[in-house]
Amino acid sequence: MFINLCTSVDNENGDTFVLKNEIFKELKPGLSSFVNDISKAAEQINNLLKIADQEVSRFKHRSTPLVLRATAGLRLLSETKQKL
0 MFINLCTSVD NENGDTFVLK NEIFKELKPG LSSFVNDISK AAEQINNLLK IADQEVSRFK
60 HRSTPLVLRA TAGLRLLSET KQKL
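End of the sequence shown = 83 in numbering that gives the first Met the number 0, gap-free, step of one.
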């Protein structure tokens, strides 16, 4: 998981966010290991969100965008399995 800490700005380029810091955290096994156990996958995602929770100030939780993206391992699964 990458946690991108950004500052919101408006400038002549139309950029609204400027990267201040990037944090990388990885938990093993990866999500693709839980393809047949959705509850374990949800638990692993929750563990990653707990890490993000520690990195973002509580005062900014409501206004902080959250984006979850598939990892390489998930993209290797069949389309049917990806949708689970």
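All C-beta atoms, glycine included, are put in the ideal place defined by N, C-alpha and C.
(Q) Checking 8 Å against the spacing of the C-beta atoms, do ASN19 and CYS5 come in under that value? (A) Here residue 19 is Lys; the residue named in the question, Asn, does not match the sequence. For LYS19 and CYS5, yes; Cβs fall inside 8 Å.
(Q) Could you give the first and the last residue of the continuous alpha helix (DSSP H) run that contains ASN46? (A) It spans 37–54 - the alpha helix (DSSP H) in which ASN46 sits, taken as one unbroken run.
Q. Since LEU26 and LEU48 are thought to touch, with beta carbons under 8 Å apart, how far apart are those beta carbons, to the nearest angstrom?
A. Not really, about 11 Å apart at Cβ, beyond 8 Å.
Q: Closer than 7 Å by C-beta to LEU76: which residues in its own chain qualify, once you throw out the five before and the five after it? Chain order, please.
A: SER31, VAL34
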